[in-house]
Amino acid sequence: MMDPVLEVKALGKAFRDYGSELKRFASWFGARVTPKAEHWVIRDISFAVGRGEAIGIVGQNGAGKSTLLKLITRTLMPTEGSVSVNGRIAAILELGMGFSPDLTGRQNVYHAAGLMGFTREQIDRAMPEIEAFAEIGAYFDEYVRTYSSGMQMRVAFSVATAFRPDILIVDEALSVGDSYFQHKCFKRIKEFRERGTSLMIVSHDSGAIQSLCDRAILLQAGRILKDGDPVEVMDAYNALIAERENSTMKVERLEGGQLQTTSGTLEAVVASIRLYSEHGDPVEYIDVGQPVELRVEVKVNADIPRLVFGYLIKDRLGQSIFGTNTHHTKQVVEDARTGQAVRYVASFPMNLGPGTYSISTALVSTDTHLVDNYEWRDLALIFTVANHSHPHFVGNAWIPPHIDVTT
Amino acid sequence: MSELLRSAWRYRHFILSSVKNDLKARFARSRLGAAWMVLQPLAQVAIYSLVLSRVMGAKLPGVTNQYAYSIYLMAGMLAWSLFVEVVQRSLTLFVDNGNLMKKIFFPRICLPFIAVGTALVSNLLLFAATVAIFAIVGHFPTSALAWLPLLVAVNVAFSLGLGLLLGVINVFVRDVGQVMAVVLQLWFWITPIVYMPSILPHGFGRIIELNPLYYIVSGFQDVMLFNRTPDIVALGWTALGSLVLLALAFMMFRKAAPEMVDVL
């Protein structure tokens, strides 16, 4: 990396319990005091972010994501290691923090931008743009206590992004008001990126991570478990949240070079999975709109009271295209016995746009894989859709139109 | 230390607008607004005057004005209210702003400056009201009033030093805040504000001489009521002590700042 905007080296943060606060005070004045207990929230974190790069941070609750972000934004001081930032950081973490209900929107903008370290003149210059972006009309000069929460968010986002930062930190699936404003926010974030702003996105939403990020980092118990391609990291993350006692996680490299992640307790496993044409021939290349059957054979390795099969079709970027399971279709297999084989056939027309897709499978007991995860397999099957018989179109979905042209 | 002051200077606009917003927010929805800043201490003065003027009135040597005792009270109260406001605000400064400090990075040194700024503005209003009332009762301060800015500076140095020191400790040991509520009440009574030091029995005089606030308050009384130069030597020592205390508080603040957010 030629020019990192952010470099985190061997970063660690410990919360210390001195037993007695007197010892803590003594430690400020040079006394050598050993804390009674040390609790490391994160440790040995090293990574760098290049200019214009977008990085996703994922991890379970308590994995240390917030602590990492606080160390990067300098609200917390590191216990060991260092964070060096080459530029200005803006964080959309707590929108509306520090807003006073008894001030008007405009006054709060001055206050919040001042808190970010901008001078009166800089704020004056940015003010028309902030007011225009928030789009709350005359309310801008009303007291914030009369605002709806959505309006407050609009003003807060406008201030937070009024000045293009070198690093923008976005927490959780940016839930800023209505969908119109959300699109506007994403547009601004994308513009920033094009102009060289690096992004750090913290989210549980694999869609957001995979569509926005070039790279993802998976944190687990305060350490980096995985740092790499977002699709692979999100697969590992999904496997991780399903991980339970006795459960295994296996990562295999497929012929195409992709990493297949399998996890679960293996009471039931997918023995075979394949796509067939309507004539019963196995296929890998499928024409747009062609009817197909997804045939899956499941082997039951232990008695289980309830077996649910689910599958999820994802595009090349890992975004979900379609998924369902037999819990939702009310086709649960009750009391599956050891050694039993269960066959599933899902028939559907391949109404997808041209491209490569993958299918993930799940064998679970309820509608999610978070209660019992017998087996979760990402990239269980990869297939390609090509357009042979229809006029050219773009996109993931095949929505055959009838177009009338009148002149 | 200079680094602290530099970052405060860089955030001067923020400090100024925060002081303004603080005052605005405090009285945003009250009818009398900023008048409350003056009315509360004046009401206290009125109560003490009413209750104690007969008892104390005769004991003010060298002042002929019939409202002498009220003037004496107001001069002391002006000093006391500045002291108590700065101490109380600094004491809970970091605890009150904990949420903000956890979420947003800004020089924390702004917070005490904002507290002092707010206290100074409200004290200035009280001063204006006091002088106006003095004029009404026919007492006109003289050139001795030129000492007042110095007295205010020493008062701020002392109260900020004490408040900041305790405010930092209060983040880690919250009992400090509770204890100080009681201590401040006691402190009010061991400072000659509602009474004259001359009425004290012999032994008590010594205790009062240990009270740094005594020199500050009597300075206020000297320049506002007695129209005379304050005791320069005593004031000098108090100023020196206050500056040492303030330096200690800043040092403590610098050491504590990295750990403060950990426990908030």
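If you read the protein sequences in the order shown, they are chains A and B.
Taken in order, the first sequence gives residues 0 to 406; the numbers are from numbering that gives the first Met the number 0.
Taken in order, the second sequence gives residues 0 to 263; the numbers are from numbering that gives the first Met the number 0.
Glycine is no exception: its CB is placed at the ideal position from the N, C-alpha and C atoms.
Rounded to the nearest whole angstrom, the CA to CA distance from D221 of chain B to L245 of chain B is 25 Å.
Per the coordinates, the alpha-carbon of S319 of chain A lies some 30 Å from the alpha-carbon of T160 of chain A. Looking at A:M115, A:T118, A:V108, the one whose alpha-carbon comes closest to that of E130 of chain A is A:V108. Close to I113 of chain B, with beta-carbon spacing below 7 Å, lies no residue of chain A; the smallest spacing is near 11 Å. Under the criterion of beta carbons closer than 8 Å, L114 of chain A and F13 of chain B qualify as touching, at roughly 6 Å. Counting along the chain, no beta strand (DSSP E) covers R87 of chain A, and no H or E run does either. If you draw a 10 Å sphere on the C-beta of L211 of chain A, you find 16 or more other C-beta atoms in it, and that means buried. V297 of chain A carries a strand assignment under DSSP once its states are collapsed to helix, strand and coil. Only N98, L99, M100, K101, K102, I103, F104, F105 from the stretch 96-130 of chain B bring a Cβ to less than 8 Å from some Cβ of chain A. Between I381 of chain A and R214 of chain A, the CB-CB gap reaches or exceeds 9 Å. Residues of the same chain with a CB within less than 7 Å of the CB of F180 of chain A, apart from the 5 flanking positions on each side, are R153 in chain order. Among the residues facing chain A, M251 of chain B is included, as its CB has a counterpart in that chain under 9 Å away. In this structure, Y214 of chain B and T237 of chain B form a Cβ contact; the two beta carbons are roughly 4 Å apart against a cut-off of 8 Å. Distance from P164 of chain A to I88 of chain A at the Cβ level is roughly 6 Å; contact confirmed, criterion being Cβ atoms closer than 8 Å. A straight-line Cα-Cα distance of about 18 Å links V86 of chain B and L125 of chain B. N169 of chain B does not reach chain A, its nearest Cβ partner there being about 11 Å away, counting only Cβ pairs nearer than 9 Å. Here A125 of chain A is not near F98 of chain A, since their CB atoms are 9 Å or more apart. Per DSSP, P211 of chain B lies in no beta strand (DSSP E); the unbroken alpha helix (DSSP H) holding it starts and ends at 211-223.
DSSP lists A:R222 as the bridge partner or partners of Q219 of chain A.
In the structure shown, the three-state DSSP call for M199 of chain A is strand.
Within chain A, the residues whose beta carbon sits less than 8 Å from that of V172 of chain B are E20, listed in sequence order.
At a beta-carbon threshold of 7 Å, the residues of chain A lying near S16 of chain B are Y109, H110, G113, ordered along the chain. By the C-beta criterion, the stretch 105-116 of chain B is judged to be in contact with the stretch 74-94 of chain B, since at least 3 inter-stretch pairs fall below 8 Å. Residue contact with chain A for R28 of chain B: present (Cβ-Cβ distance below 9 Å to some residue of chain A). Bounds of the alpha helix (DSSP H) holding N122 of chain B are 109-135. Comparing alpha-carbon positions, the option among B:E84, B:F93, B:V50 lying closest to L72 of chain B turns out to be B:V50. Neighbours of T145 of chain A across chain B, judged by C-beta separation under 8 Å, do not exist; the nearest C-beta is about 12 Å away.
At least one C-beta of chain B is nearer than 9 Å to the C-beta of L75 of chain A.
Residue environment: I206 of chain B is assigned as exposed (fewer than 16 neighbouring CB atoms within 10 Å of its CB, all protein chains considered). Its chain contains V287 as the residues whose beta carbon lies nearer than 6 Å to that of H389 of chain A, once the 5 sequence neighbours on both sides are disregarded; these appear in chain order.
Cβ-Cβ distances below 7 Å link Q257 of chain A to L378 in the same chain, with the five nearest sequence neighbours on each side left out; the list follows chain order.
In this structure, the CA atom of V136 of chain B is about 20 Å from the CA atom of L123 of chain B.
The DSSP assignment places 174-188, 201-208 as complete runs of the alpha helix (DSSP H) inside the stretch 161-209 of chain B, in order along the chain (cut-off: 4 residues). Listed along chain A are H110, G113, L114, G116, each with a C-beta nearer than 8 Å to that of F13 of chain B. Here A248 of chain B carries a helix assignment [DSSP, helix/strand/coil]. The residues M251, F252, A255, in chain order, have a CB closer than 6 Å to that of V167 of chain B in the same chain once the five nearest residues on each side in sequence are set aside.
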